[in-house]
Every structure is written in C-alpha cells, then in structure tokens.
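Data block below; observations after.
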Amino acid sequence: MKKSILILVLVLALALPGAVLTAGAADRNTFVFASYGDVKDWDPAIAFSLEVFMLRQVYEGLTVYNTPGEKPLILPGLATSWTTSDDGLTWTFNLRKGVKFHDGEPFNAAAVKYVIDRNKKLGKGAAFIWAAVKEVKVVDDHTVQFLLKYPAPIDIIASAQYCAWMYSPKAGEKGTDWFMQGNAIGTGPYKVDKWDKSQQTVLSAFKGYWGGWMDNNFKRVILKVVTEESTQVQMLKSGEADAASLIPIDSIPGLKKDPAVAMLTPPSWKNYMYLINVKKFPTDNLKIRQAINYACDYQGVIDGVLNGGGSIPSGPIPATMWGHDPNLRIYDFNLEKAKKLVEESGIAKDKLKITIAYIGTSQVYSNVAQMLQANLAQIGITVELLPGPWGTIWDKAKNLETAPNMQSMAWWPTYPTPSDWLIGLWRTEDKTLFNLSHYSNPKYDKLVDDGAAAEGLDKARAIELYSKAQKILVDDAVAVFYADVNDQAGMRADIGGFIYNPSYNIARIYDLYRK
Amino acid sequence: MKKYIGKRLAFTLLVLFGVCTITFFVSRVIPGDPASMWAGPKHTQEQLEAARRELGLDRPLLVQYLDYMGNLLMGDLGVSIRTKQPVLEEVGRRYAATFELVTVSILIALVIGVPMGVISAVRKDKAIDHASRAFSISGVAMPVFWLGLILQMTLHGNLGWFPLQGRIGSMVLIDHPINDITGFYLFDSLITGNWPAFFSSIKYMALPALTMSFASLAIVTRITRSSMLEVMREDYVQTATAYGVSRRTILYKYALKNALIPTITIIGLAYGLMLGGSVLVESIFDWPGLGSYIVLSITRNDFPGIVGSTLVFATTYLTINLIVDLIYFFVDPRIKHPGSKG
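The listed protein sequences correspond, in order, to chains A and B.
For the first sequence, numbering that gives the first Met the number 0 begins at 0 and goes up steadily by one.
For the second sequence, numbering that gives the first Met the number 0 begins at 0 and goes up steadily by one.
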C-alpha cells in the first residue's frame with residue numbers, strides 16, 4: 000500500500016509540472032544563444048576568449064569593422080569620425096554625444112583615456128594591440144587624440160573584439176575582482192541582469208541605449224552554457240536555442256537540409272597549417288620541406304575531413320583577408336614531384352623519419368595527420384604521430400630539444416591585419432612563443448617590421464612589403480598551409496538581420512530580429 | 000561507541016592530509032603549463048612570465064606546498080587557474096549539484112531495486128525473475144554515455160516528456176530564482192515554498208538521475224535477490240513459516256532486514272563510484288557538477304581545482320563509509336564495534 004502511494008506521488012511529481020508549466024519555453028522577445036563555455040574573464044581589459052559572446056552585446060568600441068567587401072572599411076561606433084596627421088603619428092577621434100554608460104556615467108574623452116591607459120597598464124590579454132600608443136590626450140569632452148610612437152592603423156585596432164571595449168571609469172576603479180563577480184558596465188544595448196555560474200548569463204535591454212529601441216528588437220538575451228556539441232545541435236533543431244556556437248562538422252550537412260535552421264558556412268580568417276621545424280633534421284633540408292608540401296592531399300582534406308567546410312589556401316594569409324597575395328607559388332598534391340625532391344635531398348632512406356604533433360582530441364587534426372602520414376609513406380618518409388593536449392604539445396614545441404618536425408597549428412587575427420600571422424608566427428623570437436617553425440631570417444624580419452609600420456600610413460606599401468615577405472615564407476616552405484577554414488554560423492531560420500562578419504565571433508544581437 | 004567514532008574521525012583526517020599531499024605533488028608532474036592558461040590564449044612572453052609570478056609558480060615547490068596547506072587550514076582553497084573563481088565556492092556549488100544527483104540516483108536504485116530483488120527472490124526462476132535478470136545485466140553492461148543519449152533521444156526527442164539538458168529551466172532560473180541555502184535545488188526550493196523551481200528541478204533531474212541509477216539499480220537488485228535467497232533458507236525463516244507468521248511479515252520484518260547488510264555495503268561503494276563517474280552523465284546533460292569540474296581541472300592543469308575537488312571527493316567517500324559502518328551497527332546488533340558494550 001505504502002509503495003503504491005510512493006509510486007503515485009513520484010509519477011504525479013513528474014507529470015504535473017509538465018501540465019501546469021508551459022515547459023518554460025522562452026518567449027519571442029528572448030534570444031537564446033548556446034555557448035560552448037561559461038564567461039571566464041569578465042574584465043573587458045583582460046578578456047581574450049569566448050567572453051566576446053557577452054562583450055559584444057554589453058560593450059561598444061570606438062569603431063566597428065565592416066563586413067569585408069562593403070564600403071567603408073571601418074564604420075563609426077562610439078566615435079563618429081576620425082582623422083590622421085600626415086606623418087600618421089596623431090589620430091584624432093570625434094566622439095558620439097549623449098551616450099551614457101549603464102551606471103549613468105557619461106561616455107566622453109576622459110573615459111576613452113581611462114580605458115586605454117588602464118588596459119595598457121594591466122598589460123593582460125590583448126593589450127599588445129595598443130603597443131604603438133604613446134599617449135592618449137583629452138582635447139575636449141568629445142574629442143580624443145592618440146599620439147603614437149610609430150605609425151599604426153588605430154581605426155582598425157579600435158574595432159578589435161578584444162581589449163578595445165569602452166567601459167565606465169567608475170567600474171574600472173572597482174577593479175578586476177569586482178568585474179569577476181559577474182559585473183559589466185558598458186554603453187551597449189544590453190546590460191547584465193544575472194550570472195548563474197556554469198549555467199547561463201542573462202542580459203536585458205538597456206532602456207537608455209543611444210541607438211534607441213524598436214518593437215522587433217530582442218529585449219532579453221540568454222547566453223546558455225551548453226558544453227556538449229550534440230546537445231547544441233539538438234537545441235538548435237528544436238528551437239530551444241536561437242543560435243549555436245559549436246556545431247560538429249558531421250552535423251552541418253544535416254542542418255543545411257533542415258528548413259527550420261539557417262546553417263551558414265562562410266569563409267573566415269582562420270586557417271590551419273603545419274609549422275615545419277626548419278632547425279630539426281631532416282626538415283632542416285629545404286627539399287624535404289618542399290617535398291612534404293607536395294605530398295599533402297589538399298582537396299582530400301577539404302572534401303573528406305572538413306566536409307567542404309574550407310578552401311585550399313595559397314600562402315599564409317587567408318584569401319578573404321586584405322594583404323593576401325594570390326600570386327604565390329602553388330604546392331599542389333603531386334607525389335611524383337615530391338618523390339623527386341626527396342631523392343634530390345640526398346638523405347638516406349632509413350634516416351627519413353619525422354614526427355608530427357597535434358591536438359589529439361580533435362577529429363579534424365587527427366584525420367589530417369593520418370592522411371599526411373599515409374601520403375608521406377608513399378614517398379619514403381616515415382611519420383610518427385604525437386597527439387596530445389595543447390598545453391603539453393605547445394610546451395614541447397617551444398624547446399628545440401623536444402620539438403617535433405611538424406606542429407599542427409590554427410591561427411586567426413586579433414584584429415584584421417596580415418602582420419598577425421607574419422609577425423606572430425615567423426618573426427625571429429629569442430624565446431620561442433608561437434614561432435614553432437623556429438624560423439629566423441633577418442631579411443624577412445625587416446620586411447614585416449616595415450610592413451607593420453606602413454599599415455597606418457600607406458596601406459598599398461604595406462601590402463607590397465607583406466607580399467615580398469609571404470613569398471619568402473612559401474619559397475622557403477616553412478609550413479604546409481592546408482586549409483582556409485570556413486566559419487560556422489548556425490541560427491534558427493526565423494532570425495533575420497544576420498550578416499556574417501569574420502572580425503567578430505558573434506553577431507550583435509541588437510541587429511537581429513525574429514521574423 | 001564514541002571512542003570508535005573518535006578514532007575513525009582522526010583516521011579520516013590523516014587520510015585526507017595524505018590525499019592532499021599526494022595530489023598536490025602528482026598534479027604538478029602532469030605535463031603542461033597552467034601559467035599559459037592563466038595568461039590567456041595568445042599571450043606574449045612577458046605576459047607568460049608575469050602570470051607565472053602571479054600564480055607563485057616561480058617559487059620552490061616546497062614553499063608552494065606549505066603555502067597551500069597553510070591556506071587550506073584556514074579554509075582557503077585558492078583560486079582556480081582555469082576559471083579564475085575561488086575554488087571553495089566553485090567546488091561547493093558543483094559538489095551540491097553532483098551530490099544531489101547521486102543521492103536521487105541512489106534513491107531510485109533503492110526504491111526500484113530492493114523490491115525488485117525481493118520479488119525476484121520470492122519468485123525465483125519464474126518469468127519475472129528472468130526478466131529482472133535480463134534487465135540487471137543490461138543495466139550493468141550498458142555504457143552510461145550511450146544510455147544517456149538514448150534516453151535523451153527517446154524521452155525528450157520523440158516523446159517530449161523531459162527536458163534536454165541543464166539543472167533547471169532557463170526561465171525558471173530568471174523568474175523564480177532559488178535561495179541558495181544548501182545548494183540542493185530540491186531541498187532549497189521545497190523549504191522556501193518555491194514550487195515552480197521545485198517542479199522544474201525534478202523534471203530536469205529525471206533523465207540524468209535515471210541514467211546514473213541504472214548500473215546501481217542493477218547491482219542492488221541482484222545483491223538483494225541473492226542475499227534474500229540466502230536468508231530465506233535460514234532456519235528461523237522456516238520456523239516462522241511453520242508458526243504461521245504471515246508471508247509479508249516474514250519477508251519485510253525478518254528476512255529483508257538481514258538481507259540488507261550487503262546492500263548497504265553496495266550503497267556505500269556506489270556513492271563513491273557514482274561521485275567519481277558522474278562526469279559522463281554531467282557532460283551529456285550539462286549538469287553543472289563536480290565530475291565535469293575535476294576532469295576539466297585535470298586536463299587543463301588547474302592545480303587548485305584538482306586538489307580542491309579531490310579533497311572533497313575523498314572527504315565524501317570517507318564519510319559515507321563511516322556512516323555505512325555505523326548503519327551496520329543499527330541494522331545488525333550482532334556486529335560489535337570495538338569499544339561498544341553488549
């Protein structure tokens with residue numbers, strides 16, 4: 000008797016709420032975003048990762064990078080216009096009037112100065128983007144000047160998705176610890192309502208936003224933590240999530256066929272490559288490096304591993320990024336050429352052993368490595384695969400004694416510039432950080448340094464210098480560039496207003512509406 | 000009795016100290032550099048060195064150890080290198096989530112498993128015995144991950160009875176937030192009369208708890224069955240039957256109580272196993288628990304996270320085993336503890 004009552008109670012407890020509550024489905028005015036992780040760094044001066052999902056809704060920068068191909072290149076943000084001096088060392092920004100922070104403080108030149116000064120002083124995260132700035136000067140309430148040590152494209156830098164967000168000086172005063180409690184004070188359309196750790200962050204419309212509100216704007220945003228990829232896919236299909244951040248490649252074809260989902264795979268600024276160790280035998284031999292480049296089945300990777308989600312690159316800079324040189328030497332998949340180069344190298348067959356390191360948990364990296372291993376076997380090179388977690392393999396790759404012959408790498412820019420690759424990956428490093436090719440070429444160093452200096456002043460000259468630098472890299476076969484990766488933007492089909500922009504990892508939800 | 004408990008507690012503290020020390024040193028042997036995680040994804044050499052100094056990783060290992068143990072005694076488990084949040088607060092919150100899930104799973108295993116075990120024993124070799132055996136074996140053999148996904152697909156995807164993931168509904172969390180008293184959603188919402196949150200929590204807990212309970216349910220059923228069979232063969236059961244005592248009384252008053260001893264042992268072990276194995280269920284259902292926390296800590300070289308979580312797991316396991324030993328005493332007065340009279 001007692002047992003039956005217990006069972007009855009349990010059944011009711013499960014069934015009743017289903018009937019009583021309407022399953023708590025979010026209303027039309029709420030945008031639910033499935034994030035693959037929780038917010039870690041709440042301080043906008045430090046955040047350098049998926050925090051951008053939250054940052055882009057709550058904060059704004061002085062400028063916004065326009066969709067590539069659109070004109071003008073840079074759109075006004077919190078700054079309405081800007082000018083440069085002839086020598087490129089002084090940038091003057093005119094600020095938008097009547098803008099308030101979420102805490103009621105006014106947005107003005109003093110706030111801009113405070114933010115840049117604090118970000119530089121903290122020196123964390125992406126603070127290096129302000130390295131060219133010598134001083135920020137307050138001219139008047141709505142005019143601010145950047146005085147530079149050397150020419151730099153401050154208009155592009157100010158549009159970066161990290162370290163360029165304007166936050167209230169009063170909030171900055173409270174310090175990082177205060178931010179880390181889940182606080183955020185920006186000028187953006189949404190403010191932070193609450194942060195349920197490891198579960199979700201809830202944002203709601205900031206009534207005083209300078210851009211104003213329309214009926215069809217989303218009034219609330221929920222950034223839900225959904226760590227499992229397959230769960231994200233299910234939520235997107237069922238409509239529980241309006242957008243997903245991490246969709247497994249295998250699910251993409253199915254989602255493209257689903258009428259309720261708008262699954263886009265636009266080209267991005269991310270590319271995959273193997274950095275070849277130019278100081279370690281036998282890859283210290285140019286012919287061997289070139290042979291490896293000819294032994295990679297580029298189309299096979301794009302079709303078989305990435306399911307068409309990418310394109311064959313030419314050189315270190317992705318095709319959609321300015322500064323890309325389409326006239327570089329092409330290494331195509333040609334085993335005959337590869338074999339010939341191996342013979343020309345003069346290295347004995349039994350000495351042709353190399354190691355390839357990559358992140359073991361990634362299906363993509365695993366598959367590409369195994370494909371390359373099979374192809375290299377055909378030209379007489381034996382490959383030992385070294386999978387591992389990023390922390391471990393990176394540590395090993397930094398030291399020449401423990402570094403592999405080839406290091407799998409993915410790269411994308413912090414703000415849109417070719418120098419991010421050219422300097423970040425191949426400029427001479429005294430203490431190796433990301434130059435895992437261990438490449439050191441003074442001629443190359445000068446080209447990229449001059450190119451970076453020219454960016455703020457004479458874009459055409461910068462492009463010219465960068466071209467020369469890219470040619471050196473490709474001729475020297477310092478890497479195997481095997482994919483310009485497509486991004487993924489999975490959204491419900493009833494969400495309108497979305498235009499993909501590779502400069503930002505998430506859209507501005509304020510620009511979206513439900514059809 | 001008191002002396003016994005006292006000795007056990009002292010022993011527990013000694014074991015915890017040892018666990019802490021070993022975990023502390025072992026976690027530092029795992030390859031990988033937490034300073035680079037602290038410094039951010041694309042850091043410079045200077046940022047890396049600054050991070051190392053900030054985390055105190057440039058000091059001698061022994062100094063770091065003494066510093067950590069000193070803080071530990073004052074209740075400070077440090078700051079997680081991975082999430083930058085205080086470890087004590089994080090571990091406490093996630094532990095409550097896992098403990099709640101595991102406890103409900105064990106309850107399910109007991110509520111379903113014990114009666115099923117009894118019935119199987121009573122109707123030995125009949126249809127229901129075979130059915131329960133098949134059920135048990137599949138419960139033990141089925142990979143937890145696969146079972147969770149199947150339940151998700153059928154009970155959520157096809158039937159829509161239960162939610163997909165999470166610990167509570169998103170909107171419920173916004174509109175009916177739960178007062179954080181113990182960290183157990185069911186308990187906290189119940190005592191504050193927060194009915195929407197209470198029912199939402201039950202709904203969201205159903206699938207993960209069911210998934211997690213399967214293996215233990217299977218074991219509880221089999222153990223109960225076999226120990227019931229043993230007990231029912233005993234002389235005193237035959238005697239009671241001969242005296243005309245009702246079947247029900249014999250089963251539940253005399254036999255079951257004695258048959259439960261092995262079952263209680265299993266529960267103690269099951270708690271430990273489930274706490275340690277909860278990461279799979281937590282991953283599938285995005286349950287913000289300690290299992291996924293400790294796995295993330297280990298794979299990201301988060302020393303404070305690793306030691307903090309291990310400490311909590313060890314404490315739980317030791318406490319549960321102590322309680323199980325004490326329960327023996329009450330269930331079977333024949334089991335004497337050193338220091339008890341009688």
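From the three backbone atoms N, C-alpha and C, an ideal C-beta is built for every residue, glycine too.
These numbers were taken from a predicted model, which means no experiment stands behind them.
Practice task
In the DSSP assignment, find the unbroken alpha helix (DSSP H) run with A:K123 in it and report its ends.
Solution key: Run containing A:K123: none; DSSP gives neither H nor E here.
Problem - Coil, strand or helix - A:Y519 by DSSP - result: There is simply no residue 519 of chain A to check, as chain A begins at 0 and stops at 514 in what is shown.
Handout entry: Secondary structure of A:K218, DSSP reduced to three states
Key = coil
Problem - Helix, strand or coil at A:T21 according to DSSP, with G and I counted as helix - result: Its pLDDT being 38, under 50, A:T21 is placed unreliably in this model, and the coordinates cannot settle the point.
Exercise for the section: Return the residue from the list B:A217, B:E281, B:W160, B:L15 that minimises the CA-CA distance to B:S119. Expected result: B:A217
Practice task
Give a yes or no on whether 8 Å exceeds the smallest Cβ distance from B:S135 to chain A.
Solution key: no
Handout entry: Backbone CA spacing between A:P325 and A:W410 [nearest angstrom]
Key = 19 Å
Problem - C-alpha gap between A:Y509 and A:K190, whole angstroms - result: 12 Å
Handout entry: Anticipated Cβ contact below 8 Å, B:G275 with B:N320, distance rounded
Key = Going by Cβ atoms, the distance from B:G275 to B:N320 rounds to 14 Å, so no, they are not a contact pair.
Handout entry: chain B residues whose Cβ lies nearer than 8 Å to that of A:T413
Key = K41
Exercise for the section: Pull up the DSSP beta-bridge partners for A:N93, would you. Expected result: A:S80, A:T142
Exercise for the section: Could you tell me which residues DSSP pairs with A:I355 in its beta bridges? Expected result: For A:I355, which the question treats as bridged, DSSP gives the partners A:L384, A:M405.
Practice task
In the DSSP assignment, find the unbroken alpha helix (DSSP H) run with B:R93 in it and report its ends.
Solution key: Bounds of the alpha helix (DSSP H) holding B:R93 are 86 to 121.
Handout entry: Minimum Cβ-Cβ distance from B:K83 to chain A less than 8 Å
Key = yes
Exercise for the section: Could you say which of B:P30, B:T210, B:H175 lies nearest to A:T391 if we only look at CA atoms? Expected result: B:P30
Problem - Nearest candidate by alpha-carbon position, reference A:N434, set A:K173, A:N306, A:M408, A:A452 - result: A:M408
Handout entry: Buried versus exposed, by CB contacts within 10 Å (16 or more), A:F178
Key = buried
Problem - CB contact flag (A:F92, A:L61, <8 Å) - result: yes
Handout entry: alpha helix (DSSP H) segments (min. 4 residues) lying fully within the region 224 to 267 of chain A
Key = 228 to 237, 251 to 256
Problem - C-alpha distance - A:K339 paired with A:T427, whole-angstrom precision - result: 31 Å
Practice task
Count the other CB atoms, across all protein chains shown, that sit within 10 Å of the CB of B:R232; report buried if there are 16 or more and exposed otherwise.
Solution key: exposed
Practice task
Assess, as a yes-or-no matter, whether the region 285 to 296 of chain A is touched by the region 323 to 337 of chain A under the definition of 3 or more beta carbon pairs within less than 8 Å.
Solution key: yes
Handout entry: At least three beta-carbon pairs within less than 8 Å, the region 199 to 212 of chain A to the region 37 to 56 of chain A
Key = yes
Problem - Nearest candidate by alpha-carbon position, reference B:W37, set B:P59, B:R51, B:E45, B:L317 - result: B:R51
Handout entry: Nearest neighbour of B:A214, chosen from B:I107, B:D124, B:A205 [CA to CA]
Key = B:I107
Practice task
Give a yes or no on whether the minimum CB-CB distance between A:V224 and chain B is below 8 Å.
Solution key: yes
Handout entry: Limits of the unbroken beta strand (DSSP E) element including A:W194
Key = 189 to 195
Practice task
Would you list, in chain order, the members of the region 209 to 243 of chain A that have their beta-carbon closer than 7 Å to a beta-carbon of chain B?
Solution key: I221, K223, V224, V225, T226, E227, T230, Q233, M234, E239
Practice task
Any chance you could list the alpha helix (DSSP H) runs of at least 4 consecutive residues sitting entirely within the region 150 to 205 of chain B, in chain order?
Solution key: 169 to 174, 184 to 190
Practice task
Please decide whether B:N262 counts as near chain A, where near means a Cβ-Cβ distance under 8 Å.
Solution key: Checking the sequence, you will find Thr at residue 262 of chain B rather than Asn. No, B:T262 lies away from the interface with chain A (no Cβ there is under 8 Å from its Cβ).
Exercise for the section: Spell out a yes or no on whether the region 169 to 182 of chain B and the region 240 to 247 of chain A are touching, meaning 3 or more CB-CB pairs, one atom from each, closer than 8 Å. Expected result: no
Exercise for the section: Would you mind telling me which residues of chain B sit closer than 9 Å to A:K123, beta carbon to beta carbon, in chain order? Expected result: A38, G39, H42, Q46, A49, A50
Practice task
Return helix, strand or coil for B:P30, following the three-state DSSP convention.
Solution key: coil
Practice task
Grab the span of the beta strand (DSSP E) containing A:S203 for me, first residue to last.
Solution key: 199 to 204
Problem - chain B contact residues for A:V51, given Cβ-Cβ distances below 7 Å - result: Going along chain B, no residue has its Cβ under 7 Å from A:V51, so there is no contact; the nearest lies around 11 Å.
Problem - Collapsed DSSP secondary structure at A:G314 in the structure displayed - result: It is coil, neither helix nor strand.
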